[in-house]
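Participant:
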Amino acid sequence: MTVISKMPAVALALALGAAFTAIPAAAQSADKEKCFGVALKAKNDCAAGAGTTCAGTSKTDYQANAWSYVAKGTCEKTASKTSPSGMGQLKEYMAVKS
4 MTVISKMPAV ALALALGAAF TAIPAAAQSA DKEKCFGVAL KAKNDCAAGA GTTCAGTSKT
64 DYQANAWSYV AKGTCEKTAS KTSPSGMGQL KEYMAVKS
């Protein structure tokens with residue numbers, strides 16, 4: 004088999020890999036919700052405030068401006084040590100001192 008004949012197979016594998024990678028993101032939106040203040044340090048899914056890039060960049064546990072995906076309907080039932088209510092929030096909030 005020559006290098007040229009292998010190229011279509013490589014391109015197909017890359018395309019399929021990209022397609023399968025996109026599937027979880029679509030599935031997450033249906034049965035998951037963003038929950039602020041529940042992620043542990045460096046374990047957030049995204050949004051971690053100024054100076055951060057995204058996933059895995061939260062600087063502290065239960066950071067008020069960092070979110071993680073949780074099962075839909077469970078965010079406000081999930082404990083958060085920095086939230087005014089003591090539970091996760093559907094929107095970014097001002098952290099309280101513990």
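Quick note on numbering: the sequence shown equals residues 4 to 101 in my numbering.
Just so it is clear, CB atoms sit at the ideal spot from N, CA and C, and this is done for glycine as well.
The structure presented is a predicted model; accordingly, all values stated were derived computationally and were not measured.
(1) For Glu-36, write down the residues that DSSP places opposite it in a beta bridge.
(2) Just to confirm, is the Cβ distance from Gly-89 to Cys-38 under 8 Å?
(3) Rounded to whole angstroms, what is the Cα-Cα separation between Asp-48 and Met-97?
(4) Could you round the C-beta distance between Lys-35 and Lys-75 to whole angstroms and report it? I think they count as a contact, below 8 Å.
(5) What three-state label does DSSP hand Cys-49 in the structure shown?
(6) Could you check which residue in Lys-94, Pro-87, Thr-81 and Ala-42 has the C-alpha nearest to that of Tyr-65?
(7) Quickly, what does DSSP pair Met-90 with across the bridge? List them, please.
(8) Return the residue from the list Lys-84, Val-73, Thr-77 and Lys-44 that minimises the CA-CA distance to Lys-62.
Facilitator: Working from what's here:
(1) What you label residue 36 is simply residue 33 of the sequence shown in a count that begins at 1. In the DSSP assignment, Glu-36 is bridged to Val-73.
(2) Locating residue 89 in the sequence shown gives position 86, where the first residue counts as 1. Locating residue 38 in the sequence shown gives position 35, where the first residue counts as 1. Against a cut-off of 8 Å, the Cβ pair of Cys-38 and Gly-89 comes out as no contact.
(3) Stepping through the sequence shown from its first residue, residue 48 is reached at position 45. Stepping through the sequence shown from its first residue, residue 97 is reached at position 94. About 19 Å.
(4) Within the sequence shown, numbered from 1, the residue matching residue 35 stands at position 32. Within the sequence shown, numbered from 1, the residue matching residue 75 stands at position 72. Yes, they are in contact, since the Cβ atoms of Lys-35 and Lys-75 sit about 6 Å apart, within 8 Å.
(5) Start at 1 with the first residue of the sequence shown, and residue 49 comes out as number 46. In this structure, Cys-49 counts as strand in the three-state DSSP scheme.
(6) Numbered from 1 along the sequence shown, position 62 holds the residue referred to as residue 65. When C-alpha distances from Tyr-65 are compared across Lys-94, Pro-87, Thr-81 and Ala-42, the shortest belongs to Ala-42.
(7) Counting from 1 along the sequence shown, the entry for residue 90 is found at position 87. According to DSSP, which records beta bridges pairwise, Met-90 is partnered with Ala-82.
(8) Your numbering for residue 62 matches position 59 in the sequence shown. Measuring from the Cα of Lys-62, the nearest candidate turns out to be Lys-44.
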